[in-house]
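For the sequence shown, my numbering begins at 65 and goes up steadily by one. For every residue, glycine included, the Cβ atom is placed at its ideal position computed from N, Cα and C. Note that the coordinates shown come from a computational prediction; the quantities given were computed from them, not determined experimentally.
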Amino acid sequence: MRWSDDSYTQKAESAGWDNPEKILAVERPDWQLDGACRIAPDAAIFFPSPGDTEALRAAKAMCGGCPVVQECLEYALGNNERYGIWGGKSTRERLLMLRAKRMLEAGEA
């Protein structure tokens, strides 16, 4: 699960926020509520250790059936998510995508 309402609410309350539910409404993109990752038994599946190809495949398989995989990928690319599997892509894959995009944009200038 990408977002844990309980832990996020606890952090907000400990930071002195009076109404953590408002923070959740602002901070969590709506599409994440529909993500396949919400039903993952353990969020760690989306943060495999380097070289753990089995865990990487498991995370990507879960993303493969996700109805919001494109939104997830766009979010990760737009917010420079550096860790984990987002939108079915590893950190390395996302970096390569961003590099290719920059190269295309530079060629068009």
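Residue range of the alpha helix (DSSP H) that E145 falls in? Counting along the chain, no alpha helix (DSSP H) covers E145, and no H or E run does either.
Mind checking who K153 pairs with in its DSSP beta bridge? Residue pairing by DSSP puts K153 in a beta bridge opposite W150.
Distance, Cα to Cα, E169 vs L162? Rounded to the nearest angstrom, the gap between the Cα atoms of E169 and L162 is 10 angstroms.
I need the DSSP call for F111, collapsed to helix, strand or coil. Assignment of F111 by DSSP, reduced to helix, strand and coil, places it in the coil class.
If I measure Cβ to Cβ from I149 and keep anything under 6 angstroms in the same chain, skipping five residues before and after, which residues do I get? Here the set comprises F110 and A123.
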